[in-house]
Amino acid sequence: MRVPVALPVRDRRVRGDSRDASIRRYRAEHPLLPSAIRADAVNRLVQPAAPGTADADGLVAEAIALRRTGQRQASAERFEQALARDPGHPGALTSYAMLLLETGDAQSAARLAERALEVDPGRMSAHHVLGRAKCQAGNLAAGIASLRRAVALGPDAFEVEVDLGKALFDALASEDAERHLARARELAPLSAEVHITLGNLYRRQHRYDEALAAYRRAVELDARIAQAHNNLGSLLAELGDDDGAVAALRQALALAPDRPSTWSNLLLALSYSERLPAAEIAAEHRAYGRHFEARIRPLTPVALRPLAGRRLKIGYVSSDFRGHVVAVFMEPLLAHHDRQRFEIYAFYNFTADDEATAHLRTLIEHFIPVTALSDEELAKRVRDEGIDILVDLNGHTAHNRLPVFLLKPAPIQVTWLGYLGTTGLPTMDYRLTDARADPPGCTEALHTETLWRLPDSLWCYQPYRFAPEVAPLPALRNGHVTFASLNNPAKVSATILGLWVRVLQAVPGARLLLVRSALDRRMAELEGFFASRGVDPRRVDFVAQRSTADYLALYNDVDVALDTWPCAGGTTTGDSLWMGVPVVTLAGERSFSRSGASMLTTIGMPELIAETVDEYVANATTLAQDLPRLATLRAALRDRVRASPLVDAARFAAAVEQAYVTLAERAVAGGALP
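Numbering (this note's numbering), first residue to last: 1223 to 1896.
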């Protein structure tokens, strides 16, 4: 059997005599050797021994071989036997720690690794496993320190370089992470894992072509790795390639059907896409819920305690208490929560903090990082804290903890804000929304949750303090109208492109401003789309993504904003209105399509909401053809928004709190919803 190029073939243990026990042990435990070689080594190595005859070294070798082939219980038994014979055996302590780490017991793994280092302070593998354990337990700084020590002791250790690169990536130290991952790629160019991790790094740095190439290389190296297909599909969805995204994600699910994050990535991609009607997308979400409900045993149900004489405990679960749009929308609520009536918990599921995290910590009574906790551990923590209402702020977005909600740790469970659609979970009781995003009788059938409509709006927009003043209407100085959609390019569908073509055809001389896609192929498709329909591509301008301040300044060159469909804008719509730019939106049949309708209703401008495609085109062209009216509207729009419930944080917080109290009172009384 051919040995991979990545292996140090000079090592006699790779090419040596398989009858040599030390060679069999090496082959059994080496991660880069083909599985057939390792399996043969295990079969030769693990032989029944007479009771009491095996020495510690032999037991450790057998334990390692069993661990490598997934026989964890048998492996643990061998390690225990080895340590019974030699309690200070550094190899047993280190390798047993690695096994415990694989089973999720980071604390026990760290203790064993520390014992190994007491015996052998220079043992590279012990520093390695200790670093991994510290990182897994959520202590990135300590973990990185141990991993750096391991790299210093073993500079050619592929696995250590990878793990250090991953830890630095999690700590947002991208430049340092790339250096170690590049070194790992030099040591093992055929490792799919390295290419996947480098792809993640490039993606964070917006080096999308390199990220796609890395993920595709990982798929080429080993098409059986679900994570490679998952990450490729997730990135393609982010870049607007719906077909490629769905195909890759379905392949990932075929390989690993029990991976919740892959399901979530697929559901998010479908929600952005116009491939399927709303009912079929809802069915896909329900399939997710059924699949994992059958694999999870919920906690024993707990009733809500009587409310008299105590504060209601609200727990928010999110990965986005950081520089993220969800944090922007959460800040007004958190700042205005009534601390006399509510005790606020945040369960934060991200590995690193930033300035936004530091600020939000000051607004939250109990801020609890939970990335190191398993679903079961997090559910137990929620139950132990006595949370009354547990609120999911992610939905199927990245780093969500939806499986925790299947365990039903809280008496009342709610989803809100981060995902404008159903979670598909039978254990999610409610989704907070409003009557325009989810009109009565319109979207109930698309949800597993009961819809609870807030009186004004499902969110509270918070204008940026550094937003520039509203400039005069650009068309008056330019001599032409500028339409724009500064939404995420992934939200730009073929249907909405067709409507924008109709708008440009109806308004001679008008221009369209869009955010540039990171995919060269997508840019060529867009330019070809306009040209093939008689619109000169030179009338369409593209701008790169930019800082928030520069992005807001763009609105001073925009006359009318055109919303996307079937996934409408959220933050972008609020930003546009605040900058004096009216937004034309198309209200669809699903919640994702109706966020613009929600905001426009809240500020008292329902006339900009289209129910049909023809009405969408008419609304846009009517605005463009009456510049005096458009200029007047622009000059007054910020004041209109400022005076509306959309930015009234105290009013919004009171509405959300009243919803919580009403839900709790009904639960205590055992009453049914109206």
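The beta carbon of each residue, even a glycine, is placed where N, CA and C say it ideally should be.
No experiment lies behind these values; they were computed from the predicted model shown.
Cross-strand partners of residue i (DSSP beta bridge)
i        : result
Asp-1656 : Leu-1676
Thr-1704 : Arg-1733
Leu-1612 : Gly-1537, Gln-1635
Thr-1325 : BP columns for Thr-1325 are empty, so no partner.
Val-1714 : Trp-1787
Phe-1564 : Leu-1534
Val-1762 : Leu-1734
Val-1570 : Residue identity differs from the one stated: residue 1570 is Tyr in this sequence, not Val. DSSP lists Ser-1540, Pro-1591 as partners of Tyr-1570.
Thr-1884 : In the DSSP output, where bridge partners are listed per residue, Thr-1884 has none listed.
Val-1723 : Beta-bridge pairing links Val-1723 to no other residue.
Val-1782 : Phe-1705
Thr-1807 : Ile-1831
Closest Cα partner of residue i within the set the options
i        : options                                : result
Leu-1673 : Gly-1796, Gly-1643, Gly-1818, Arg-1472 : Gly-1643
Val-1765 : Ala-1712, Arg-1755, Ser-1707           : Ser-1707
Ala-1467 : Leu-1490, Glu-1587, Ala-1478           : Leu-1490
Gly-1537 : Ile-1634, Ser-1330, Arg-1653           : Ile-1634
His-1349 : His-1546, Ala-1332, Asn-1452           : Ala-1332
Ala-1872 : Arg-1446, Leu-1556, Leu-1434, Leu-1394 : Leu-1556
Met-1821 : Leu-1680, Tyr-1430, Ala-1857           : Leu-1680
Val-1441 : Arg-1429, Glu-1415, Gly-1462, Leu-1457 : Glu-1415
Asp-1378 : Asp-1398, Leu-1352, Met-1346           : Met-1346
Thr-1291 : Leu-1321, Ala-1857, Glu-1302, Tyr-1882 : Leu-1321
Asp-1897 : Gly-1892, Arg-1675, Asp-1614, Val-1282 : The first residue shown for the chain is 1223 and the last is 1896, placing residue 1897 beyond what the model contains.
Ile-1586 : Ala-1891, Ile-1566, Pro-1482           : Ile-1566
Ala-1946 : Thr-1717, Arg-1744, Pro-1696           : The structure shown does not extend to residue 1946, since the chain is modelled only from 1223 to 1896, so the question has no answer here.
Met-1801 : Thr-1807, Leu-1808, Thr-1793           : Thr-1793
Thr-1655 : Arg-1563, Leu-1403, Val-1282, Ala-1877 : Ala-1877
Asp-1785 : Ala-1771, Asn-1841, Val-1613, Leu-1808 : Leu-1808
Asp-1861 : Asn-1709, Gly-1353, Glu-1691, Gln-1880 : Glu-1691
Phe-1391 : Ser-1456, Leu-1420, Pro-1730, Gly-1376 : Leu-1420
Gly-1663 : Ala-1693, Ala-1372, Glu-1811           : Glu-1811
His-1669 : Arg-1508, Asn-1700, Glu-1599, Arg-1605 : Arg-1508
His-1402 : Leu-1412, Ala-1410, Leu-1386           : Leu-1386
Lys-1356 : Leu-1639, Ala-1319, His-1559           : Ala-1319
Span separating the alpha-carbon of residue i from that of residue j
i        : j        : result
Leu-1647 : Thr-1619 : 15 Å
Thr-1316 : Phe-1589 : 34 Å
Ala-1469 : Pro-1499 : 18 Å
Arg-1851 : Leu-1845 : 8 Å
Ala-1395 : Ile-1366 : 11 Å
Ala-1335 : Asn-1422 : 29 Å
Glu-1856 : Val-1782 : The sequence given here has Arg at residue 1856, not Glu. In a straight line, the C-alpha of Arg-1856 is about 10 Å away from that of Val-1782.
Ser-1541 : His-1621 : 6 Å
Gly-1326 : Leu-1443 : 28 Å
Leu-1534 : Ser-1596 : 26 Å
Glu-1299 : Leu-1461 : 49 Å
Asn-1778 : Tyr-1683 : 20 Å
Ala-1374 : Ile-1518 : 43 Å
Asp-1797 : Leu-1774 : 7 Å
Val-1869 : Arg-1544 : 21 Å
His-1581 : Ala-1574 : 14 Å
Gly-1791 : Asp-1398 : 36 Å
Glu-1879 : Ile-1611 : 11 Å
Asp-1742 : Leu-1434 : 12 Å
Ala-1865 : Phe-1814 : 26 Å
Leu-1776 : Phe-1688 : 14 Å
Ala-1328 : Ala-1393 : 18 Å
Arg-1744 : Val-1714 : 11 Å
Ala-1304 : Gln-1358 : 26 Å
Thr-1593 : Pro-1523 : 25 Å
Pro-1270 : Gly-1608 : With a pLDDT of 46 at Pro-1270, under the threshold of 50, the modelled position of this residue cannot be trusted, and the question is left open.
Expected contact under 8 Å - CB spacing of residue i and residue j to nearest Å
i        : j        : result
Ser-1739 : Pro-1711 : 4 Å
Val-1803 : Leu-1721 : Val-1803 to Leu-1721, Cβ: 18 Å. No contact.
Val-1762 : Thr-1704 : Going by Cβ atoms, the distance from Val-1762 to Thr-1704 rounds to 11 Å, so no, they are not a contact pair.
Leu-1492 : Ala-1448 : With 8 Å as the limit, Leu-1492 and Ala-1448 do not qualify as a contact, their Cβ atoms being about 18 Å apart.
Glu-1383 : Arg-1405 : 5 Å
Leu-1629 : Ala-1601 : 4 Å
Asp-1465 : Tyr-1494 : Not confirmed; about 12 Å, so no contact.
Asp-1279 : Pro-1312 : Actually they are not in contact, since the Cβ atoms of Asp-1279 and Pro-1312 sit about 11 Å apart, beyond 8 Å.
Tyr-1686 : Glu-1671 : With 8 Å as the limit, Tyr-1686 and Glu-1671 do not qualify as a contact, their Cβ atoms being about 32 Å apart.
Ile-1418 : Tyr-1430 : Incorrect: roughly 15 Å between the Cβ atoms, too far for contact.
Val-1839 : Ala-1728 : 7 Å
Pro-1625 : Arg-1605 : That pair is no contact at about 15 Å.
Pick out the complete alpha helix (DSSP H) segments inside the stretch 1826 to 1881, 4 residues or longer, and give them in chain order. 1835 to 1846, 1849 to 1864
Report the residue ranges of all beta strand (DSSP E) runs contained in full by the stretch 1398 to 1422; include only those spanning at least 3 residues, in chain order. none
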